[in-house]
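Trainee: Chains as they are written, first to last, in the working numbering: chain A, 4 to 111; chain B, 2 to 638; chain C, 1443 to 1622. Cβ coordinates follow ideal geometry from the N, Cα and C atoms, glycine included. Just so it is clear, the structure is predicted and the values come from calculations on it, not from any experiment. First the structure, which I've put down as C-alpha cells, then a few questions once you've had a look.
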Amino acid sequence: MSALIAAATPTTTWYLVLAAVLFGIGTVGVLVRRNPLVMFMCIELMLNAVNLTFVALAKRLGDIGGQTTVFFVMVVAAAEVVVGLGIIVSIMRKRPGANVDDISALKG
Amino acid sequence: MLDLIWLIPALPLAGFILILLFGRLLGEPKAGILAALMVAGSFAVTVGVFFELLSKTTEERHHVLKAFSWVPIGSLHVDLAFLADPLSITMALFVTGIGSLIHLYAIGYMHGDLKFSKFFLYLNLFVFSMLMLVMGENLLVTFLGWEGVGTCSYFLISFWHTRESAATAGKKAFVTNRVGDWGVMMAMFLAFGATGTLSYAGINHAAESGALSAVTATGIAMMLFIGACGKSAQLPLYIWLPDAMEGPTPVSALIHAATMVTAGVFLMTRISPVLSIAYSWAPTIIAVIGVATALFAATIAVAQTDIKKVLAYSTVSQLGFMFLAIGSGAYVAAIFHMVTHAFFKALLFLGSGSVIHGMHHEQDMRKMGALRVLMPITALTFIVGWLAIAGVPPFAGFWSKDEILLFAFAKSPILYVVGMITALLTAYYMTRQVIMVFFGEARWNDHSEENGAHGDFKPHESPKVMLAPLVVLAGLSIVGGALQLPFNHNTKFLEKWLEPVIEFGEKDISGTWADNNKYILLIVAIVVALTGIAVSYLVYSKKKFAAIEPNVMAQGWFYDKGISNFMGGPGRKAFDGITWVDRTIVDGAVNGVGKLVQGAGGFLRKGQTGAVRSYAAAVGLGVVALLVWFFVRGVVL
Amino acid sequence: MELVVFVFAAAMILVGGLGVVLRSHPVHAALSLILTLFGVAVMFVSQEAHFLAAVQVIVYAGAIVVLFLFVIMLLGVDRTEDIKTEPFKVQRPLAVIVGLGVTGLVTAAVITSRDVVATRGAGIIKPAMTDPDSNIRQLSRSVFGDYVVAFEVTSVLLVVAVVGTVLLTRKMKPASKESQ
C-alpha cells in the first residue's frame, strides 16, 4: 500500500485538473450566491485556480514566464478587489442587507 | 370656312366658361339666351362647313384640322384634331340644330327655377362634349367627348339633386356608362396595339387594306359595342335611361333622345370598315341584341303610366332598331333613322314637357285627358310626332324604319319579323299615349287637389318660346323623310352624301329577294302601322277590348329589380368577401409583420432582467460553448 | 512524499472552496477562502514557486481577505443569506450545467493533451541551500527584463485604482457651504 502511495507521483495533469475543479466551484459560486461580497470571493477562487494552472505549467514547461504572469495576476487582482469593494460599498451603503438581485435598475 | 371648324365645339365651350364666370350676374333669362346663341352660332358654322363640303367632290370630303399635338409619347402620337367629313358634319348639324331649339325651349321651361344659369352651364358643356365626340379625328378625342357627355348627363339628370330619386338616377347613369366605357378603353388599346395609331383614318385604312386581322377587328368592334350598349342603352345596360327621366324635360329631349344616346350608333358607324372585316357572328350579335332590346323595351312601354317613361322606353326601342341596322350592314339606314328619330323624339319629349308644364308638373297619364282643346298647338305637334314614330307615310319615321327592315330581311327574315312586331307595338303604345293624354274624358279634375293645384285647375297652353321649337321640329318630322327615299338611286341623298364614310362596310342588297320586292314590304309596313293604331284605338278609345297592361311589363320584366337584388344579395356578399380578404389577409399580413416584431421584441425583452446573476449565467453558458468548440476543434477533429 | 503534500493541499483547497460557496454566513465564507488560499500557497511551493507562495500568503490572505472582512463589518452584510430559496428558478440548473461543463471540458482537454505538452523554456531553477534566492532572482530577471513595460503599466494601474476608489466612495457634500 505504501509502495503504491510512494509510486504515484502527482503529475502536472493532477494539478491542472485540480485547478479546473476549483475553477468550476468558483463559477458555480458566482452564479448561485446572492451576497455581493461572497460573489467576489468566488471570483477570487477562480483567479486562484488560474494562478495554480500557470504555476504548474511553468514548472512543466520550464518557463519562468508562467510565474511572471501569476505575479501580475496577483497585482491586478488586488487592484480589482480594491475598486470592486469600493463600488460595492458605495452602492450598498444605503441599503443594508441588500443582495445583488435588488440592483436591477437596468431591467428592460 | 373649313379652317373654322374648331369654332364648332369652341363656341359652346366659350358659352360654358362665360356662364361659369358670369352666370349669376346674367341671371334669367340672359344666361339662357347666351347659351342658346352660342349653340346657334355653332349651328351656323356647321351649316357653312356643310355647304363647303358639298361643293367638293366625294373624295375630297375629308378635312382634318389639327389644333395641337396632344399626346406625343414614344410611338403614340395623338393630336387634338377635328375631322370634317360627311358623317361628322351630319351629326354636328343635328346636334347643334336641335340643340339650339332645345336651348330656346329650356328658357321657357326652366322659368322660375333657382338654378337657371347652372342649367345652361351644364347644357353648353354637354353640347361641347358631344361636338368633341362627333368631330374628333381619333378615338382619344372621341373618348374625351364620350366621357364628357357621360359626366354632363350625370349633372343634368341629378339637376334637382335635392330629390333623392334624381340623385340616385344620376349616379346610376354614370356608373352604368362607366361599365360601357371599359369596353371603349379596351378597344382603344387593341386598336393602338394592332395598328399603332388611334386615328380613324389610320384604323379604317388598316381594316380596308387587310392589315388588321379578323380577330383583332372583332375584338375592337365588340369592345366598342359594349361601350355603345352602355351609352345607347341597349340590353343589358339600358337600365339607366328610364330612370334618367328624373331630369328636366329639355335634358331628356336633348341628351336622351337626340344626341348622347346616338353616340354609340355614331361610333359603330365610324369604324364600319373594322366591323365589316370582323367575324360574321359579330354583326349578327349586334343585330340580335338590337332587335331584342327593341322588342323588350316596346313591351314595357305598353304598360307605362308616366308620360316620359313611355318615351324613354320608346327611345331604347328605337335605338335597338338602329343597332339592328348596323348589324345588318345598313349604316346609311342607321344614320337616317338616327336623324329622323332625333326630330320626332325630341318633338315628342318637348311636347310632353309642354303638357307637364301646362298640367303644373303632373306626369301621370291617367290623370290627363282631353287636352287637345286646351293645348291645341302642343296637341297638333305631338300628333305629328306620333304619326312619324308610328311609321305612317309620308312622315319621316316611316321611310327610315322601312329602310332598316329591308336590310334586316336581307340578313334574316326572323329579324324582320321581330322588327315588325316591334313596329306594331310602337304604333300601339304611341296611339295609347296620344289617346290617354289628348283625347277621351278630362280626368284632371278628379285629382287636382292632390297636385297642390288651387281651386279651379285648368291646364293651359305653354308660352311661345316653348311652342316655336315644337313647330319647327314638327315640320322637320314631316319632310325629313326626303333625305333618303328608296324609289331610285337619285332620291337617295343621304346614301350619296355618306358614301365616302361607309362604302367599305355598307352591305349591298341589290338583287336579294328583299330588294326586289321592296314595295311589297313597304305596303306590309304601312298595314302593320295602321293595324297597331286601330287596335289601340279600339282598346283605349272605344274600350271594345280590355287593356293588357300586366304588372310584369309595367315593372320592366323585373330586370332592374333583379339586378338590384342580385347586387344587394349575392353581389354584396361577394363584395363583403373581398373586403374581408383585403382586411384580414392583406392588412393582416402587413399588421402581422408589425405584431411579429413586437412579439419577438417582447419575448427578447424578458432576457433583460437587470439582474447581474442572469447575465453572469449567460456569460457562463457562452464560456461553455466556446470551450466545447475549442475542444471539438482541437481534440476531436 | 509529494503525493501526501498534494493530497493534503488539495483537500484544503477543495474544502475551502466548497466552504466559500456553501456557507451562508459571509464571515465563514471569508475564512474558508483563507483556507483555500493557504492550500494554493502550499501548491505553489511544491511547484518551485517559492516567492509566489510568499506573496500569495502576504497579499492575498493577508491583505485582500482582510479587506473583505473590513467591508463585511462596515456594511453590516453579515446577516446570513437565505441560501435555500432561489428567485430565478432556472439559475441553479444553469449553474450546475455551467460548472460541470467548464470543469469537465477543461479536464478533458487537459487529459487528452498531456502527451503534447513539451518542455520549452530554460527551466525553473530549484533553490538549493547554497542559493536560496534563486527563484526570486530568476523571477525578477523576467519581470524587470522581458516584462518591464507590463510592470510599469501595472504600477500605474495600482495608482489609478487607489485614486479611483477614493473618489468613488466619497460621500458627496451638499452644495451650500453653511454647514456650521
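So Gly352 of chain B packs on Gly386 of chain B, CB below 8 angstroms; how close in whole Å?
Mentor: About 6 angstroms; that satisfies the 8 angstroms criterion.
Trainee: What does DSSP give as the partner residue(s) for Ala81 of chain B in the beta ladder?
Mentor: In the sequence under discussion, the amino acid at residue 81 of chain B is Leu, which differs from the Ala named in the question. According to DSSP, Leu81 of chain B bridges with B:Phe69.
Trainee: Check for me: the alpha helix (DSSP H) holding Gly608 of chain B runs from which residue to which?
Mentor: Where Gly608 of chain B is concerned, there is no enclosing alpha helix (DSSP H), given that its DSSP letter is neither H nor E.
Trainee: Nearest by alpha-carbon distance to Val31 of chain A: which of B:Gln556, B:Gly184, B:Ala618, B:Pro395 is it?
Mentor: Per the Cα distances, B:Ala618.
Trainee: Assign Asp403 of chain B to one of three DSSP states: helix, strand, or coil.
Mentor: If DSSP states are grouped into helix, strand and coil, Asp403 of chain B belongs with the helices.
Trainee: Name the two residues that bound the continuous alpha helix (DSSP H) containing Phe576 of chain B.
Mentor: Segment 573-581, the alpha helix (DSSP H) holding Phe576 of chain B.
Trainee: At a CB-CB cut-off below 7 angstroms, which residues of chain E make contact with Gln599 of chain B?
Mentor: Included in the structure are the protein chains A, B and C, with no chain E among them.
Trainee: Taking the alpha-carbon positions, what's the Ile1500 of chain C to Gly621 of chain B distance?
Mentor: Those two C-alpha atoms are separated by around 31 angstroms.
Trainee: Just checking: is the beta-carbon of Lys110 of chain A within a distance shorter than 8 angstroms of some beta-carbon in chain B?
Mentor: So, interface residue.
Trainee: Less than 8 angstroms between the beta carbons of Pro30 of chain B and Ile103 of chain B, yes or no?
Mentor: Not a contact, by the Cβ cut-off of 8 angstroms.
Trainee: Is Ile74 of chain B helix, strand or coil when you go by DSSP?
Mentor: Note: Ile74 of chain B maps to strand in three-state DSSP.
Trainee: Residues of chain A with CB under 7 angstroms from Thr1478 of chain C, in chain order?
Mentor: Chain A residues near Thr1478 of chain C: Leu48, Asn51.
Trainee: How is Asn139 of chain B classed by DSSP in three states: helix, strand or coil?
Mentor: In this structure, Asn139 of chain B counts as strand in the three-state DSSP scheme.
Trainee: Helix, strand or coil for Ala618 of chain B? Go by DSSP, reduced to three states.
Mentor: In the structure shown, Ala618 of chain B sits in a helix (DSSP, three-state: H, G or I).
Trainee: Cutting at 7 angstroms between CB atoms, please list the residues of its own chain near Gly1458 of chain C, excluding the five before and the five after it.
Mentor: The residues are Ser1474, Leu1475, Leu1477, Thr1478, Gly1481.
Trainee: Would DSSP call Gln485 of chain B helix, strand or coil?
Mentor: Correct three-state label for Gln485 of chain B: strand.
Trainee: Which ranges does the alpha helix (DSSP H) cover as unbroken runs of at least 4 residues, wholly within the stretch 250-281 of chain B, from first to last along the chain?
Mentor: Here the runs fully enclosed are 250-254, 264-271, 273-277.
Trainee: Can you tell me where the alpha helix (DSSP H) holding Lys309 of chain B begins and where it ends?
Mentor: Lys309 of chain B -> alpha helix (DSSP H) spans 308-328.
Trainee: Quick check: the Cα distance between Thr250 of chain B and Ile357 of chain B, rounded to an integer number of angstroms?
Mentor: Distance between the alpha carbons of Thr250 of chain B and Ile357 of chain B is about 9 angstroms.
Trainee: Grouping DSSP H, G and I as helix and E and B as strand, with all else coil, what is Lys544 of chain B?
Mentor: Residue state, collapsed to three classes: coil.
Trainee: Determine the chain A residues that contact Arg1534 of chain C at a beta-carbon separation under 8 angstroms, and present them in chain order.
Mentor: Chain A residues near Arg1534 of chain C: Val35.
Trainee: Output, in chain order, the set of chain A residues within a Cβ distance shorter than 9 angstroms of Arg614 of chain B.
Mentor: In chain order: Val33, Leu34, Val35, Arg36, Arg37, Met42, Val103, Asp104.
Trainee: Please name the residues in the stretch 77-100 of chain A whose beta-carbon is closer than 8 angstroms to at least one beta-carbon of chain C, in chain order.
Mentor: Flagged, chain order: Met77, Val78, Val79, Ala80, Ala81, Ala82, Glu83, Val84, Val85, Val86, Leu88, Gly89, Ile90, Ile91, Val92, Ser93, Met95, Arg96, Pro99, Gly100.
Trainee: To the nearest whole angstrom, what separates the beta carbons of Ile28 of chain A and Leu55 of chain A, a pair I think is in contact under 8 angstroms?
Mentor: Not a contact, Cβ separation roughly 13 angstroms.
Trainee: For Gly193 of chain B, I'd like the list of residues in its chain whose CB is within less than 7 angstroms of its CB, leaving aside the five on either flank, ordered along the chain.
Mentor: A quick correction: the sequence has Phe, not Gly, at residue 193 of chain B. The residues are Leu77, Leu199.
Trainee: What first and last residue would you give for the alpha helix (DSSP H) that runs through Tyr1502 of chain C?
Mentor: Taken as a continuous stretch (DSSP letters only), Tyr1502 of chain C belongs to no alpha helix (DSSP H), as it is neither H nor E.
Trainee: Taking the beta carbon of Gln434 of chain B as the centre, do at least 16 other beta carbons fall within 10 Å, making it buried, or is it exposed?
Mentor: Buried.
Trainee: Just to make sure I have the definition right: I need the residues of chain A whose C-beta is within less than 7 angstroms of the C-beta of Arg1556 of chain C. Which are they?
Mentor: In chain order: Thr16.
Trainee: Alpha carbon to alpha carbon, how far is Val1595 of chain C from Ala626 of chain B? Give it in angstroms, no decimals.
Mentor: In a straight line, the C-alpha of Ala626 of chain B is about 33 angstroms away from that of Val1595 of chain C.
Trainee: Could you work out which residue in B:Gly623, B:Leu406, B:Trp630, B:Gly635 is closest to Glu322 of chain B when comparing CA atoms only?
Mentor: As written in the sequence, residue 322 of chain B is Phe, which differs from the Glu given in the question. Answer by Cα proximity: B:Leu406.
Trainee: Please say whether Ala295 of chain B and Gly420 of chain B have beta carbons closer to each other than 8 angstroms?
Mentor: Yes.
Trainee: With contact counted as at least three CB pairs below 8 angstroms, one residue from each stretch, are the stretch 473-487 of chain B and the stretch 366-375 of chain B in contact?
Mentor: Judged by Cβ distances under 8 angstroms, the stretch 473-487 of chain B makes no contact with the stretch 366-375 of chain B, as fewer than three pairs qualify.
Trainee: List the residues of chain C that Phe1 of chain B touches, going by C-beta distances under 8 angstroms, in chain order.
Mentor: Nothing in the structure corresponds to residue 1 of chain B, since chain B is present only between 2 and 638.
Trainee: Using DSSP bridges, identify the partner residues of Asp365 of chain B.
Mentor: Bridge partners of Asp365 of chain B: B:Asp307.
Trainee: In terms of DSSP beta bridges, what is His461 of chain B paired with?
Mentor: Beta-bridge pairing links His461 of chain B to no other residue.
Trainee: For the stretch 132-141 of chain B against the stretch 199-210 of chain B, do three or more pairs of beta-carbon atoms, one drawn from each stretch, fall closer than 8 angstroms, so that the two count as touching?
Mentor: The stretch 132-141 of chain B is in contact with the stretch 199-210 of chain B.
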